[in-house]
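The opening residue of the sequence shown carries number 13 in our numbering; numbering runs sequentially from there. We put the beta carbon where it would ideally sit given N, CA and C, even for glycine. Bear in mind the structure is a predicted one, so any value in this text is a computation, not a measurement. Following: one structure in C-alpha cells, then a few remarks.
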Amino acid sequence: MQTLFLKVDPQRPNKKVIDIAASLIRNGEIVAFPTETVYGVGADAMNEKAVKGVFAAKRRRMDNPLLVHVDSWEQASNLITEVPDEVLLLVEEFWPGPLTFIARSREEVPTMVRAGLPTVGLRMPDHPVALALINAAGRPIAATSANTSGRPSPTTAEHVKADLNSRIGAVVDAGDTGWGIESTILDVSQTPFKILRPGALSWERLEKVIPGLISEPTGAQKWRRITPHYQPTVQIVPVKYGDQIAEAARKEVLKGRRTGVVLVSEQELPISLDFVRVIRGGPQEYARVLFDIFRGADQNRLECLFMEMPVEQGLG
C-alpha cells in the first residue's frame, strides 16, 4: 500500500486536502491525523471492516478499545445512552480538548470499536485539522495513537511515517502536536466519576468543575484490557530537580553502558554522553517532548537515561 502524505496548515487546513483525506475515511481507508495531544490513526467508527484495519495497521490487540473522535457533543450524544447532567458541565468547560469520556454505548456502535464492552470512549479533539477531517467525513472516527503498539506515541508526521508507512492510506501532516501527551480518560458511566488514565488535563482542573472525582489510574484496566502502554527499553532513572546528574551518569559510562540525560536545570556535564536533551519551558513543554525523547533514546540505543524532573505539578 502506498501511503499519501498530505501537508496542511495546522490553523487553516486547505479544504481540498482535507476532502481527500475525508474521502478515504468514507471509503473505508485508514488515515493518520494530528490532534492537540498526539497524532491519531483512525477510520469510520461505524464501519467494522475499516476499524479492523486500524488494529491491523497498529498491530494492536483486538481487546483494546478505540476512542471515537467527534466534532460536536451532538454527534457524541448519538452514540451513547443518557449521561448525568454533570457531564454537560465538563463538555462546556473542556470540549474541544484533551478529555475522553467513557460512557454507556448505544448498540449501534460496532462491538469491535468497544472491544466488546458496554461502554465507548468519546473525544472531541481541540485541533482545527482533526475537527475539519471529522466534519468533512461526515461521520465519527474511531482512532488511537498513530504508532505501532509498544512504541512511543507520535508527535510529528515523521514519527507516524517511521511506524505506519505503507500500512495506512494517508497521513495528514500539520507539524508538531501541542501537548505531546495523551488525553485524560474519565469514566462517567457510573458515579462517582473516575479518572482511568491521567493525561494532558489534570485532576485539579477537573475537580474544580466536578468535586469528588476519583483519581484511579489502575481503574483503566477495567475499561482498557491492554498490554502495558509504551515501556521504554532503556532504564529510566528519575532525578529530583536540581540534583546533580553528572557523577551518576559517569559511573554508568564507565560500566560501558550507553547513557543519556534529560536536564531541566543548568548543569555542567564534563563527560561524553550518547544523548543529551535540555528542556526549557516548564512542565507543559516537558510533557510535549516526552515521547520524542523516548524515540530519541530508542534511536540512540540507550541503556540508561537520567531524567531530571520539573518542579511544578498539574499535568497528567
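Secondary structure note for Thr123: its alpha helix (DSSP H) is the uninterrupted segment Thr123 to Arg126. In this structure, the straight-line span from the alpha carbon of Leu145 to that of Ala34 is close to 6 Å. Scanning the segment 252-304 from its first residue to its last, the whole beta strand (DSSP E) runs of 3-plus residues come out as 271-275 and 287-290. Between the beta-carbon of Val132 and that of Val121 there is about 5 Å, and that keeps the pair under the 8 Å contact cut. Straight-line spacing of the CA atoms in Pro77 and Gly187 works out to 27 Å. Pro46 is the residue among Ile42, Pro46, Lys28 and Ala309 whose C-alpha sits nearest the C-alpha of Asp185.
The closest CA to that of Ser214, considering only Asp255, Phe106, Arg71 and Asp310, is found on Phe106. Of the candidates Leu281, Gly268 and Gln247, Leu281 places its Cα closest to the Cα of Asp255. Look at Asp138 here: in three-state DSSP terms it is coil, with no helix or strand label. Ile207 and Glu98 have their alpha carbons spaced roughly 15 Å apart. Taking all protein chains in view, the Cβ of Ala68 is surrounded by fewer than 16 other Cβ atoms within 10 Å, so the residue is classified as exposed. DSSP, read as helix, strand or coil, puts Phe17 in strand. For Met13, the CB contacts under 8 Å within the same chain, skipping 5 residues up- and downstream, are Ser178, Arg179, Ile180 and Gly181 in chain order. Annotation: Ala258 to Ile283 spans about 7 Å, alpha carbon to alpha carbon. With distances taken between CA atoms, Ala127 lies nearest to Val66 out of Val82, Asn26, Val66 and Gly150. The beta-carbon distance between Pro166 and Glu48, rounded to whole angstroms, is 14 Å. This is too long to meet the 8 Å contact definition. Within the segment 53-105, complete alpha helix (DSSP H) segments of at least 4 residues are found at 60-70 and 85-89, given in chain order. Taking all protein chains in view, the Cβ of Asp75 is surrounded by fewer than 16 other Cβ atoms within 10 Å, so the residue is classified as exposed.
By the 16-neighbour rule on beta-carbons within 10 angstroms, Glu86 is exposed.
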